[in-house]
Ligand SMILES: Cc1ncc(COP(=O)(O)O)c(C=O)c1O
């Protein structure tokens, strides 16, 4: 059986330099057209020796890159239940529209009277996201969720600075938060105050009350939180924070659970980032390009980054700027091609059907939870929405979360998020999203049950997994921090 992402070794034979044959080529150029062109290159900039490139045919090149593309796992390959990251299927209509040449060939320096279509997309998108989240305005500038956090906290900083309220030097962050939350606040010079979750995995009003005073600039919370648990005291929380003179930052990474059902702005959230890739089906991975638009309440609008798209009285669109803004945070105006894909996705669903995303995301997560709760330990008893966190408590024969994740790879699934959130020892965080069918989830459930059974009767297979991949267990830290991206033969290195 061939699993997604696992290429059989025969296909992997012969990297591009090993396929090289003297004299073979993939191009033909009319020599006479190069005359004069070569003379135009200054002598000191010309090569003196032939570059030792592989000599290959077009077919060799195509096969090389096609094979490389199969070494990875993607949402187009199979089930990718990476909790908190919301790896939902990206509809191909998004790609089709993003590739229309009048969008894809648009230069950011194009005069605005020639790019009205793109400006309208951005203007509409600002408004649609404001409407979805319940905010007064939205900026499309940030290039990722974490960048959105940086911008949102920057807006809060600018607001208090302008008020001359310099005593507020702290931001409260629950211990279940994503690591980017404390990083973003620290980058703006705030001290992080850790808020311990209660026994239900939620924010405790009493613990919060103890931490709130006039030195607190805000709280940064995720709702539903990273355990998938809805902070049901949210109205009380935002009221308390506002009464203390502070602001509420919402990490909107988990908007998939709320889309069309509830609006963070209506719950008292003052500023929130969206992760377009998580909620609105734009590509994710490889470090970008991403998009993390930020919505704010009325009083924070002046501090949003510049520029933004405005509509003039004659219904044309222009870039505008606020002189009280926190400044520019990125070149031009966000990752337009990503914003465009999310725009298509929202229009595809339309006002009426957006809520079905949240309904099915929550249904799917609870289906998996119900099917596996007697096989794997569920970290918290509380009801959960779009994701569920299991852990490796009670696993036999010293099988750990990492082993379970590796054994899933052998069974053709991308592992869930592991060891996050940090408050769950040995966490396995499963988020199926709304785009998976019952059959796919049943196959995943069977694989998880099989792993549990094998852990009891044949633990070696799980402890040594994966057994079917090209690489078994690399040092994951080194692989991420110091990847070897060079393939060397005797006379050349491919980078
Ligand atoms: C809860 C939460 N907040 C913030 C982020 C950061 O988002 P991004 O990956 O777009 O920078 C993530 C990413 O996984 C997340 O899960």
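Residue numbers (the working numbering): 6 to 500.
Beta carbons: idealized from backbone N, C-alpha and C, even for Gly.
These figures come from a predicted structure and were not determined experimentally.
Segment limits, alpha helix (DSSP H) that includes residue i
i: residue 245; result: 239–248
i: residue 175; result: Run containing residue 175: none in the alpha helix (DSSP H); it sits in the beta strand (DSSP E), 175–179.
i: residue 69; result: 63–75
i: residue 157; result: 150–168
i: residue 407; result: 406–415
i: residue 299; result: Element bounds for residue 299: not the alpha helix (DSSP H) but the beta strand (DSSP E), 299–301.
i: residue 343; result: 341–377
i: residue 136; result: 121–138
i: residue 37; result: 36–39
i: residue 99; result: 97–103
i: residue 444; result: 443–462
i: residue 284; result: 281–284
i: residue 107; result: 106–109
Contact test: residue i Cβ vs ligand 1 heavy atom, cutoff 6 Å
i: residue 256; result: yes
i: residue 280; result: yes
i: residue 150; result: yes
i: residue 227; result: yes
i: residue 135; result: no
i: residue 89; result: yes
i: residue 183; result: yes
i: residue 332; result: no
i: residue 295; result: yes
Beta bridge counterpart(s) of residue i as assigned by DSSP
i: residue 322; result: 316
i: residue 202; result: 208
i: residue 396; result: 382 and 432
i: residue 252; result: 223
i: residue 196; result: 175
i: residue 87; result: 435
i: residue 423; result: 433
Minimum Cβ-Cβ distance from residue i to chain B less than 7 Å
i: residue 447; result: Going by chain labels, chain B is absent from the structure shown, which holds only one protein chain.
Residue i to residue j span [Cα, whole Å]
i: residue 81; j: residue 43; result: 44 Å
i: residue 281; j: residue 400; result: 36 Å
i: residue 208; j: residue 202; result: 5 Å
i: residue 360; j: residue 266; result: 6 Å
i: residue 64; j: residue 396; result: 47 Å
i: residue 233; j: residue 223; result: 22 Å
i: residue 24; j: residue 337; result: 42 Å
i: residue 249; j: residue 274; result: 15 Å
i: residue 157; j: residue 141; result: 14 Å
i: residue 445; j: residue 489; result: 34 Å
i: residue 164; j: residue 468; result: 53 Å
i: residue 211; j: residue 111; result: 53 Å
i: residue 6; j: residue 413; result: Confidence at residue 6 is low in this model, with a pLDDT of 31, below 50, so its placement is unreliable and the value that follows should be read with caution. Whole-angstrom Cα-Cα distance: 15 Å.
i: residue 92; j: residue 58; result: 38 Å
i: residue 343; j: residue 433; result: 29 Å
i: residue 481; j: residue 313; result: 40 Å
i: residue 326; j: residue 430; result: 47 Å
i: residue 107; j: residue 119; result: 10 Å
i: residue 255; j: residue 437; result: 23 Å
i: residue 84; j: residue 356; result: 28 Å
i: residue 135; j: residue 300; result: 6 Å
i: residue 73; j: residue 471; result: 20 Å
i: residue 194; j: residue 180; result: 19 Å
i: residue 185; j: residue 36; result: 54 Å
i: residue 60; j: residue 52; result: 18 Å
i: residue 375; j: residue 128; result: 43 Å
i: residue 276; j: residue 270; result: 8 Å
Bounding residues of the beta strand (DSSP E) (the contiguous stretch that carries residue i)
i: residue 489; result: Counting along the chain, residue 489 falls outside any beta strand (DSSP E), and DSSP gives it neither H nor E.
i: residue 222; result: 221–227
i: residue 277; result: 276–278
i: residue 144; result: 142–144
Check: residue i C-beta below 6 Å from any heavy atom of ligand 3
i: residue 249; result: Among the ligands in the structure shown, ligand 3 does not appear; only ligand 1 can be found there.
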